[in-house]
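Each remark here refers to the structure printed beneath this line.
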Amino acid sequence: MYKPKVSIIIPVYNVEAFIAQCLESVINQTYENLEIICINDGSTDNSLHICRSFAKQDAKLHIIDKDNQGVSAARNTGLSLATGEFVFFIDADDWLVQDAISILVANSTEADIVVGGAIVYHQSTNRYTPYKKKRHKHVDLKKNFLQLELVVWNKLYRHSFIKEIAFKEGIIHEDEEFYWKVFALGPRIKIIDDNIIYYRVRNDSITNQASYDVEHQLNYIKIVDSIYTISSGKYYLYYPFKKSCYKYIQHLRRKGAPSDLYERHIKAKYGVEDSYTFKLKLKALKLSHWCASRVARSRY
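Take a look at the structure:
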């Protein structure tokens, strides 16, 4: 039986406390035709040494050591080196269910992307919860573009489908920008019930508040400008784009961070603001979007 090669890409940066668990979960997969690419992104702790120790024990594991350029650059390096028919991304502090890749590949026959479920591990309380309580088995991207998880690490990608797509470097929340690039192309999607990955919420993930305030606003400006370009000319992305612009305001406020720079930008450039009037416009736009998607489907 044909077993396509799967390239697993793991960016590594100062994760000495977690990388062994991640690598063990990947190396011990029931699926055997794997290529495991670890990109050490300039770690200053013991992460690289741990990776090299694992590589001595398993020929499937390849270590790339480079200067620190961020997770997007590390993933792009992994993509440029991947030789598998499929690609899977995992962060170095997460870990896989033992038969995760087997399950994903088994569901990949007529799909460009296979989407699995995830379990959240809350490190501070040692609790496990579903990443998303209500998951949909069927998603019409033209109707519900944002219904899937906007992350890269619970999906198996057909390599040929994403070969010309890169992660945007120099931003945070790069997963979401990548999601827009990929799913705007209209991939064939298979959604499965199985949980395939454990996503760790770490205790030390809070950044300096002063830098967070400015950095996140500028980051969201970069993201909305990028997804505006991606969505241009696609009617079914107009409402999701406006909704995303508005969602980032709410996100910044939930974090207790200023949002003035971001709000001025999206109001001036895209007409989005946190006001009662705009909320009414957004609801009307949602209805228009739903009607347009119904009409479009009825033509085919």
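Heads up, the sequence shown is in UniProt numbering, so the first residue is 1 and it goes up one at a time. Here a beta-carbon is modelled for each residue, glycine too, at the ideal position from N, C-alpha and C. A quick note: this is a predicted structure, and the numbers were derived from the prediction, not measured.
Asked                                                                                                                                                                                                                  : Found
May I have the straight-line CA-CA distance separating residue 125 from residue 118, to the nearest angstrom?                                                                                                          : 18 Å
Identify every run of the alpha helix (DSSP H) within the UniProt domain "Glycosyltransferase 2-like" (7-164), keeping only runs that are complete inside it and at least 4 residues long; order them along the chain. : 19-27, 47-57, 71-81, 100-106, 159-162
So, with DSSP's three-state summary, where would you put residue 260?                                                                                                                                                  : helix
Rounded to the nearest angstrom, what separates residue 128 and residue 201 at their Cα positions?                                                                                                                     : 10 Å
Output needed for residue 93: all residues of its chain with C-beta closer than 6 Å, excluding positions within five of it in sequence on either side, in chain order.                                                 : 15, 18, 200
Note down the Cα distance separating residue 103 from residue 7, rounded to an integer number of angstroms.                                                                                                            : 15 Å
Could you give the distance in angstroms between the alpha-carbon of residue 11 and the alpha-carbon of residue 174?                                                                                                   : 13 Å
Per the DSSP calculation, residue 200 is bridged to which residue(s)?                                                                                                                                                  : 121
Please report the distance separating the alpha-carbon of residue 50 from that of residue 43.                                                                                                                          : 11 Å
Cβ atoms of residue 197 and residue 106: under 8 Å apart, would you say?                                                                                                                                               : no
Report the three-state DSSP secondary structure of residue 191 (helix, strand or coil).                                                                                                                                : strand
Closest to residue 61 by CA distance: which of 113, 28, 193, 134 is it?                                                                                                                                                : 28
By the three-class DSSP mapping on this structure, what secondary structure does residue 214 have?                                                                                                                     : helix
Pull up the distance between the alpha-carbon of residue 216 and that of residue 280, whole angstroms please.                                                                                                          : 27 Å
Cβ atoms of residue 149 and residue 227: under 8 Å apart, would you say?                                                                                                                                               : no
Using 8 Å as the Cβ pair cut-off and three pairs as the minimum, do the segment 250-265 and the segment 179-198 touch?                                                                                                 : no
Is it a yes or a no for the segment 224-244 touching the segment 134-147, going by three-plus beta-carbon pairs under 8 Å?                                                                                             : yes
Looking at the structure shown, is residue 279 part of a helix, part of a strand, or coil, going by DSSP?                                                                                                              : helix
Assign residue 169 to one of three DSSP states: helix, strand, or coil.                                                                                                                                                : coil
Who are the near neighbours of residue 266 in its chain, counting only those whose CB is closer than 7 Å to its CB and skipping five residues on each side?                                                            : 224, 245, 272
Locate the alpha helix (DSSP H) running through residue 252, then write down its first and last residues.                                                                                                              : 238-254
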